[in-house]
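In the numbering used here, the protein residues as written are 1200 to 1598.
Note that beta-carbon positions come from the ideal geometry of N, C-alpha and C, so glycine has one too.
Note that the structure is predicted; figures quoted are calculated from it, not measured.
Right under this line is the structure:
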């Protein structure tokens, strides 16, 4: 894909902002068609599917934020002139064509596209069938914004393939494909990694942990747990697992207090053997595979540990590598936890719900990457480029 000037790219984004404002009713009507045929028993997916004025305003804001950000392409990363006269410059460069496969969320059709396009990438959008009407309406606006600025609609494409067709496309793409970003559950990620023939950047499961240290401020701990668990259960940054130090003052009383508060908030509680001796009425975890699960519902596990090191070991074994929090006033213990826990984002005394591009200063995000190559954490505008070396010589030959 040829490089487009920042001025033209920003003009496309400005056009899209205006089109979204002018076509809110059309988008909401398209979304109603999706909602009408959706099984609302899956509350998390329903929350992600539904559009309203607030979400559309959020889409517009996301585009505005990206439009105001500096163009990430063709920026010098490093430069060195050698004694032999060679001038070597390393610059940022577009990936080329990015495919994103995602479920339910029509707002991703805006956020993923604005980032990929501003970073000078072509984007192929494979949304779920549950949001097909919403996605078509949004893509129609994107195409109009491109056409208003003299650009081909090929830059932004919506793919409407079934599972078998998607599998065939991943194995043998009909056009060059440089990067695939799957956003969804473990089955989707497994499917993409199994069949793709190009690079896959995984936006992994949440399954986020919180460890309550013996030096935790209890009032703040309760506030953080409730926010992380109940504010938005459909988010990948929601809390699923709570580990409590047995050295916490009034350990048994705190466990009872925590359980009562969670139950009053409508959260189902499951417990390990040690915690079961205190919370005798709660369901015992008999299959350790549940520690791997991302719930996306009002459910959590409470476990008891002897030390921060046991908590670290358990988190590193079972978590999705997304986010983890330690509640403690002991900064040395926090440092140990944050350095040794293998997650994209680690916290001291804060909710995992902050793992979001807009909340931690990245801006709009394509996904939360749990991979370590080429980037980990929120994939913002600056992360949607690769690099290229420019070497300038004057008839140089290697001796």
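Would you please state the rounded distance, in angstroms, between the beta carbons of residue i and residue j? I believe it to be under 8 Å.
| i | j | result |
| --- | --- | --- |
| residue 1584 | residue 1293 | 6 Å |
| residue 1160 | residue 1411 | A query on residue 1160 cannot be resolved here, the shown segment of the chain reaching from 1200 to 1598 and no further. |
| residue 1354 | residue 1316 | 6 Å |
| residue 1433 | residue 1246 | 4 Å |
| residue 1548 | residue 1423 | 7 Å |
| residue 1308 | residue 1326 | 6 Å |
| residue 1330 | residue 1215 | The pair is not a contact, with the Cβ atoms about 18 Å apart (cut-off 8 Å). |
| residue 1311 | residue 1299 | 5 Å |
Nearest CA to the CA of residue i: which residue from the options?
| i | options | result |
| --- | --- | --- |
| residue 1493 | 1480, 1338, 1449 and 1437 | 1437 |
| residue 1226 | 1212, 1208, 1589 and 1253 | 1253 |
| residue 1449 | 1575, 1416 and 1470 | 1416 |
| residue 1402 | 1595, 1215 and 1542 | 1542 |
| residue 1279 | 1272, 1339 and 1289 | 1289 |
| residue 1439 | 1446, 1469 and 1224 | 1469 |
| residue 1367 | 1395, 1399 and 1508 | 1395 |
| residue 1221 | 1255, 1210, 1243 and 1232 | 1255 |
In angstroms with no decimal places, state the Cα-to-Cα distance between residue i and residue j.
| i | j | result |
| --- | --- | --- |
| residue 1314 | residue 1579 | 7 Å |
| residue 1333 | residue 1512 | 43 Å |
| residue 1202 | residue 1485 | 56 Å |
| residue 1577 | residue 1281 | 36 Å |
| residue 1150 | residue 1522 | Residue 1150 lies beyond the stretch modelled for the chain, which goes from 1200 to 1598, so this question has no answer here. |
| residue 1567 | residue 1575 | 7 Å |
| residue 1420 | residue 1560 | 24 Å |
| residue 1496 | residue 1266 | 35 Å |
| residue 1476 | residue 1502 | 11 Å |
| residue 1386 | residue 1392 | 10 Å |
| residue 1619 | residue 1276 | With the chain covering 1200 to 1598 only, the question about residue 1619 has no answer from this structure. |
| residue 1461 | residue 1425 | 7 Å |
Taking only heavy atoms of the ligand ZN into account, decide whether any of them is closer than 7 Å to the Cβ of residue i.
| i | result |
| --- | --- |
| residue 1466 | Questions concerning the ligand ZN fall outside what the structure shown contains, since it holds no ligand whatsoever. |
Where does the unbroken alpha helix (DSSP H) through residue i begin, and where does it stop?
| i | result |
| --- | --- |
| residue 1267 | 1252–1267 |
| residue 1206 | 1205–1221 |
| residue 1516 | 1507–1517 |
| residue 1532 | 1530–1539 |
| residue 1313 | 1307–1317 |
| residue 1422 | 1417–1429 |
In terms of residues, what are the limits of the beta strand (DSSP E) holding residue i?
| i | result |
| --- | --- |
| residue 1292 | 1286–1293 |
| residue 1333 | Not the beta strand (DSSP E): residue 1333 falls in the alpha helix (DSSP H), residues 1331–1347. |
| residue 1410 | 1407–1411 |
| residue 1357 | 1355–1357 |
| residue 1498 | 1498–1504 |
Taking all protein chains shown into account, decide if residue i is buried (16 or more other Cβ within 10 angstroms of its Cβ) or exposed.
| i | result |
| --- | --- |
| residue 1360 | exposed |
| residue 1166 | Absent from the structure is residue 1166, since the part of the chain shown begins at 1200 and ends at 1598. |
| residue 1530 | exposed |
| residue 1519 | buried |
| residue 1297 | buried |
| residue 1408 | buried |
Taking 8 Å as the CB-CB cut-off, is residue i touching chain B?
| i | result |
| --- | --- |
| residue 1407 | In the structure shown, chain B cannot be found, because there is only a single protein chain. |
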